[in-house]
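*Asks:* Using our numbering, the first residue of the sequence shown is number 9, and each one after it goes up by one.
Can you keep this structure in mind? I'll have questions shortly.
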Amino acid sequence: MPGNQSLILVPFAFDENKCTGVNVCKSGAYETYCKNLCVSLISAKKYNADSDVALVTNVSLPQKYRQLLTANGIILYQEAFDSFVFPDDYLWSLAFYKLCALEKMVAKYEYQYYAYLDADVIVQDSFEHIWRECDDNILLYDINHGLGTADYAIITGEFSAFTGQKELITHYGGEFFAANRENAGRYIACCKQIYDEMISGNFKTSKGDEFIVSLAAHALKQNVRNAGAYIFRFWTGAFYLVSTCYRFNAVTVLHLPTEKNHGMIKIFDRYLSKSKFPSKERIYRCCHLRRPAFKTTVSVLKNRIFSHGKKDA
């Protein structure tokens with residue numbers, strides 16, 4: 009029986025033969041993810057001492073990372089990637105492991121509440137209000153894409169092809185999920201039904217687990233609430249899309265996909281590897297939440313000048 013009533017888990021699958029995310033450098037990808045995992049998990053535990061925080065993975069991390077995690081109270085579960093499996097060359101095939109991990113945690117451990125997070129997040133507050141929401145709702149992150157956004161046009165086309173109906177289904181991100189035990193069971197069962205239909209129909213999505221997550225949320229929409237009050241996806245590279253909600257009406261979870269190879273690594277190398285945890289202000293600076301990195305600004309300006317030069321030629 010779990011020691012606490014709530015579980016925050018970060019699922020991580022690694023297989024050199026399978027497609028991983030597109031926002032991480034391929035060279036040194038494993039070490040990059042290990043450092044990201046440490047930042048996300050240790051930050052979650054720092055603000056949620058009354059929750060169990062766990063890494064669920066299909067591999068055994070190098071000893072230095074295992075030691076750091078266990079020293080900070082993180083539980084390590086090694087679970088095979090044997091559910092929600094797609095072919096190795098399937099885009100985002102490793103991302104489906106989070107559904108496999110949730111399925112196993114719900115089946116094996118009787119918590120009152122469950123949440124999962126991507127590896128490239130930083131938690132900056134307690135999940136107290138998230139768990140209160142979960143008494144009534146399944147929380148998923150609406151990424152707020154409209155009809156004028158190319159990615160939404162792509163995924164809505166895939167939804168229509170799969171369901172045979174032209175519905176404007178909400179596109180939910182795959183970086184956050186939270187629910188009570190009953191709703192987590194309903195959600196994962198719905199995800200599994202969609203997966204089975206995809207396999208039997210040989211259906212292929214380009215949007216990874218977000219395709220299944222969004223369809224499951226649509227099927228359970230009476231119980232789904234937008235988690236946008238608690239998490240935001242900050243884009244901090246050449247595509248710079250940042251809200252001040254890291255500070256004002258502050259969200260609990262900062263999702264930082266562009267910082268996998270940059271800010272998250274700095275935080276690990278400068279602080280966590282030395283058994284320190286940075287202040288929020290240092291995190292904001294490291295992860296370029298106040299302003300883009302100088303080299304990013306220079307690169308963008310160079311590209312603009314170059315493109316203008318080509319137009320004038």
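Glycine is no exception: its CB is placed at the ideal position from the N, C-alpha and C atoms.
(1) Between VAL259 and TYR238, is the Cβ-Cβ spacing less than 8 Å?
(2) Evaluate contact between the segment 118-131 and the segment 244-264, counting only Cβ atoms and requiring at least three cross-stretch pairs below 8 Å.
(3) Quick check on PRO19: buried or exposed, where buried means 16 or more other Cβ atoms within 10 Å of its Cβ?
(4) Taking the C-alpha atoms as reference points, what is the distance between ALA21 and GLY181?
(5) For the segment 91-132, list the alpha helix (DSSP H) runs that are entirely contained and at least 4 residues long, ordered along the chain.
(6) Mapping the DSSP letters down to three states, classify HIS270 as helix, strand or coil.
(7) Output the residue ranges of the beta strand (DSSP E) runs that lie fully inside the segment 141-197 and measure 3 residues or longer, sorted by chain position.
(8) By the 10 Å Cβ neighbour count, where 16 or more other Cβ atoms means buried, how is ARG299 classified, buried or exposed?
(9) What residues match up with ARG298 in a beta bridge as DSSP calls it?
(10) Output the boundary residues of the beta strand (DSSP E) element that contains ARG241.
(11) List the whole-angstrom C-beta distance separating LEU45 from LEU63, where the pair is believed to meet the contact cut-off of C-beta under 8 Å.
(12) Relative to the C-alpha of TRP100, which candidate in ASN25, ASN269, ARG189 has its C-alpha closest?
(13) Taking just the CA atoms, how far does PHE219 sit from PHE94?
(14) Leaving out five residues on either side along the sequence, give the residues of the same chain with a beta carbon under 7 Å from the beta carbon of SER68.
(15) Just to confirm, is the Cβ distance from ASN145 to ASN231 under 8 Å?
(16) In whole angstroms, give me the CA-to-CA distance for ALA158 and PHE247.
*Replies:* Checking against the coordinates, here is how it stands:
(1) The answer is yes: Cβ separation under 8 Å.
(2) yes
(3) Burial call: buried.
(4) 18 Å
(5) DSSP runs (the alpha helix (DSSP H)) wholly in the segment 91-132: 105-116.
(6) coil
(7) 146-150, 180-188
(8) Counting Cβ neighbours within 10 Å, ARG299 comes out exposed, since fewer than 16 surround it.
(9) Per DSSP, none; premise fails for ARG298.
(10) 239-241
(11) 6 Å
(12) ASN25
(13) Straight across, the Cα-Cα distance linking PHE94 with PHE219 is about 13 Å.
(14) GLN86
(15) For ASN145 and ASN231, yes; Cβs fall inside 8 Å.
(16) If you take the alpha carbons of ALA158 and PHE247, they lie about 14 Å apart.
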